[in-house]
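A.B. asks: Residue numbers (our numbering), protein chains in the order written: chain A, 2 to 316; chain B, 2 to 316.
Ideal Cβ positions, reconstructed from N, Cα and C, are used throughout, including at glycine.
I have a structure I would like to understand better, so I am pasting it below and will then ask my questions one at a time.
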């Protein structure tokens, strides 16, 4: 069994290959070709921590994976990162362990950013006139990096509540070559952008329905557990197309669940990302439509990015 | 994170300490102090393999564990063992990985053998006149080894179908100091023993009801998945005391499920091992009772033996 460090994984992973494998994973999942047992979850209330275990195997693959992700939110005060994660990879032919990827959580962040890229490639309007980012954290940065191969647009409006972090985000985006407008009014993001990413841990809507122009695509990344929300439920309801990574998860939490519960939308309106990617469902039909994608995160993404990392590392 | 090999683990684990921790685990589980998410299971039909993932945390412990066990039954033809297994141990204070135990499945075999010891200590008659073992495989050997601290009895009757393996088992048991009678008639085991262990993958009853003498204790180890059976359902029904490691699992499979389904016993008769160990329930009341224990294997055993191994290794 080979053991790889975060640094080895970060320097060898090819984002393009990983995105292609993750897209295949979304399609395989939509077609029922992935074994994904229910996620195991452990809670550590005294340490303000939680842990989840995700196992996955795509039929026919030579490997399967078991991913353990931990979030311990008092860690920064102890000098550690809040998030940690590792993936064990096993042979699907003999059951023997093949590799341990000690990425420390980076692969989860990266597969989430690449899912944003995949959705943008499938759903963004043909002409992106402005990119909008809501949030200034690590995921908001990685989302912007991974949008760069999708569009030539380098006009960015970024919203953040914390002035210092907003300034730091601007410096980061300018270094990537973006022409950046920073704002503490989320309306500016909606007004000036037709490709918007929300990546915050917000528990109330940040983007109001009436701010959003026709022809906009919005990918909501943040609401990955119950109680979180970034988009006005009426905006979700107004969207011409609603795409989700998992109907099951998006009915439990995320942007969609609120709109469903309040009766604003019907479950039948939800399209699965994998079906849009395979062409079984049609996503955006024209440049006047408003499209919304809600990503809650799937085990198959973890499995696919781990496979990609291992292939690069073993090379 | 420290990584330990099978050889390191086997040479450092103290069976007595491990048995004490596993007994504590059974008690904690019975008292609802263990987080045990549902077991994840993956199936690999083309490779004749399966894999299961068991996570566990006992409230208050400084570590939690994730165990991955694989069984790939065509492996011997490829030069590998059928069974493999490893345990990841994490800090329950920070979520960080602490150790990887690459025991290759030995810890599962050992915790199963130690559960047999724990049950025998709690349930065997006060005078063991003869030990009976049904089966000649690795687990049948480990069960015998772990019975030695429980009783001074060195009279053994062993049953096996395969003559060659039976002979090898006799040599093994004689080397341990046992006076061994080998038989290919399972009735001999029941006739000559009042402490019986069954450890086979049988799919039909091996021990008939009418063979068993009053005052006998039987621990059934083998039936760890649906369709397996070692004891006559009428023997289970006749037992004065029926002890199980998990009511839930034993109702799904194992010796108990058959007797339940055919209406021979009532679920209310089942005692949980942890409750017997803590004294909340009374196991054997006198030396005339027939007692039966059905062990199907719990994640908390994996967690406790891993904790014990890690403590010895880190010493």
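Given a limit of 8 Å on CB to CB distance, which residues of the region 66 to 81 of chain B reach chain A?
C.D. replies: Flagged, chain order: 67, 69, 71, 72, 73, 76, 79 and 81.
A.B. asks: In chain A, which residues lie with their C-beta within 9 Å of the C-beta of residue 39/B?
C.D. replies: The answer, in chain order, is 38, 39 and 41.
A.B. asks: Just the Cα atoms here: how many angstroms apart are residue 185/A and residue 47/A?
C.D. replies: Going from the Cα of residue 185/A to the Cα of residue 47/A covers about 35 Å.
A.B. asks: Roughly how many whole angstroms lie between the Cα atoms of residue 103/A and residue 88/A?
C.D. replies: Straight-line Cα distance between these residues: approximately 7 Å.
A.B. asks: By a C-beta neighbour count over all protein chains shown, 10 Å radius and 16 as the cutoff for buried, is residue 180/A buried or exposed?
C.D. replies: It counts as exposed.
A.B. asks: Is the CB of residue 104/B under 8 Å away from at least one CB in chain C?
C.D. replies: This model lacks chain C altogether; the protein chains it does include are A and B.
A.B. asks: Who are residue 53/A's beta bridge partners in DSSP?
C.D. replies: Looking at the DSSP assignment, residue 53/A forms a beta bridge with 42/A and 70/A.
A.B. asks: Could you please tell me which residues of the region 91 to 116 of chain B, in chain order, have their CB closer than 8 Å to any CB of chain A?
C.D. replies: Hits within the stretch, in order: 91, 93, 94, 95, 96, 97, 98, 101 and 103.
A.B. asks: Buried or exposed, going by whether 16 or more other CB atoms sit within 10 Å of the CB of residue 79/B?
C.D. replies: Classification of residue 79/B: exposed, given that the 10 Å Cβ count is below 16.
A.B. asks: Restricting to Cα atoms, I'd like to know which of 105/A, 299/A and 212/A is closest to residue 91/B.
C.D. replies: For the residues 105/A, 299/A and 212/A, the minimum Cα distance to residue 91/B belongs to 105/A.
A.B. asks: Closer than 7 Å, Cβ to Cβ, to anything on chain B: give me those residues from the region 45 to 64 of chain A, in chain order.
C.D. replies: Answer set for the region 45 to 64 of chain A: 45, 48, 50, 52, 54, 56 and 58.
A.B. asks: Under 8 Å, do residue 274/A and residue 241/A count as touching if we go by C-beta distance?
C.D. replies: Cβ distance not < 8 Å, so residue 274/A and residue 241/A don't count as in contact.
A.B. asks: Along the region 210 to 226 of chain A, where does the CB come closer than 8 Å to a CB of chain B? Name the residues.
C.D. replies: The residues in question: there are none.
A.B. asks: Assuming residue 115/B is part of the alpha helix (DSSP H), what are its boundary residues?
C.D. replies: Here the alpha helix (DSSP H) through residue 115/B covers 107 to 124.
A.B. asks: Compare the C-alpha of residue 142/B against each of 151/B, 111/B and 128/B and name the closest.
C.D. replies: The candidate whose alpha carbon is nearest that of residue 142/B is 111/B.
A.B. asks: Along the beta strand (DSSP E) that carries residue 230/B, what are the first and last residues, could you check?
C.D. replies: Unbroken beta strand (DSSP E) run through residue 230/B: 230 to 232.
A.B. asks: Beta-carbon within less than 7 Å of residue 1/A's beta-carbon, same chain only, minus the 5 sequence neighbours each way: which residues are those?
C.D. replies: As shown, chain A starts at 2 and ends at 316. That puts residue 1/A outside it, with no answer to give.
A.B. asks: Considering only C-alpha positions, which residue in the set 234/B, 233/B, 13/B and 131/B is nearest to residue 216/B?
C.D. replies: Checking every option, the nearest Cα to that of residue 216/B belongs to 131/B.
A.B. asks: Based on the DSSP output, what are the partners of residue 180/B in its beta bridges?
C.D. replies: 156/B, per the DSSP bridge assignment.
A.B. asks: Short of 6 Å in beta carbon distance, which residues of its chain neighbour residue 207/B, apart from the five on each side in sequence? Order them along the chain.
C.D. replies: Excluding sequence neighbours, residue 207/B sits near 135, 187 and 231.
A.B. asks: Give me, in chain order, the residues of the same chain whose beta-carbon lies closer than 7 Å to that of residue 178/B; leave out the 5 immediate sequence neighbours on both sides.
C.D. replies: Contacts found: 155.
A.B. asks: Using 8 Å as the limit for Cβ to Cβ distance, is residue 85/A near chain B?
C.D. replies: Judged by the 8 Å Cβ criterion, residue 85/A is in contact with chain B.
A.B. asks: How should residue 6/A be labelled, buried or exposed, when 16 other C-beta atoms within 10 angstroms of its C-beta is the threshold for buried?
C.D. replies: It is exposed - the Cβ of residue 6/A has fewer than 16 other Cβ atoms within 10 Å.
A.B. asks: Can you tell me the Cβ-Cβ gap for residue 118/A and residue 157/A, rounded? I've got them flagged as a contact below 8 Å.
C.D. replies: That pair is no contact at about 16 Å.
A.B. asks: Just curious, the beta strand (DSSP E) that residue 285/A is in, first and last residue?
C.D. replies: Looking at the DSSP string, residue 285/A is not in any beta strand (DSSP E), and its letter there is neither H nor E.
A.B. asks: Assuming residue 36/A and residue 58/A form a contact by the criterion Cβ under 8 Å, report the distance between their Cβ atoms to the nearest whole angstrom.
C.D. replies: Right, the Cβ-Cβ distance comes to about 5 Å (below 8 Å), so this counts as a contact.
A.B. asks: Checking the sheet assignment: what are the DSSP bridge partners for residue 92/A?
C.D. replies: Per DSSP, 64/A.
A.B. asks: Comparing alpha-carbon positions, which option in 86/B, 174/B, 198/B and 99/B lies nearest residue 129/B?
C.D. replies: The option with the nearest alpha carbon to residue 129/B is 198/B.
A.B. asks: Rounded to the nearest angstrom, what separates residue 82/A and residue 39/A at their Cα positions?
C.D. replies: The alpha-carbon atoms of residue 82/A and residue 39/A are separated by roughly 27 Å.
A.B. asks: Could you please give the first and the last residue of the uninterrupted beta strand (DSSP E) stretch that includes residue 218/B?
C.D. replies: Start and end: 218 to 221.
A.B. asks: Hey, does residue 314/A have any beta-carbon neighbour from chain B nearer than 8 Å?
C.D. replies: So, not an interface residue.
A.B. asks: Determine the contact status of residue 108/B and residue 303/B, defining contact as a CB-CB distance below 8 Å.
C.D. replies: Cβ atoms of residue 108/B and residue 303/B: closer than 8 Å.
A.B. asks: Does DSSP classify residue 303/B as helix, strand or coil?
C.D. replies: Note: residue 303/B maps to helix in three-state DSSP.
A.B. asks: In angstroms with no decimal places, state the Cα-to-Cα distance between residue 309/A and residue 68/B.
C.D. replies: Rounded to whole angstroms, residue 309/A to residue 68/B spans 24 Å at the Cα level.
A.B. asks: Taking 8 Å as the threshold (beta carbon to beta carbon), is residue 299/A in contact with chain B?
C.D. replies: Chain B, which has no Cβ nearer than 8 Å to the Cβ of residue 299/A, makes this no.
A.B. asks: Hey, does residue 89/A have any beta-carbon neighbour from chain B nearer than 8 Å?
C.D. replies: It does; some Cβ of chain B falls within 8 Å.
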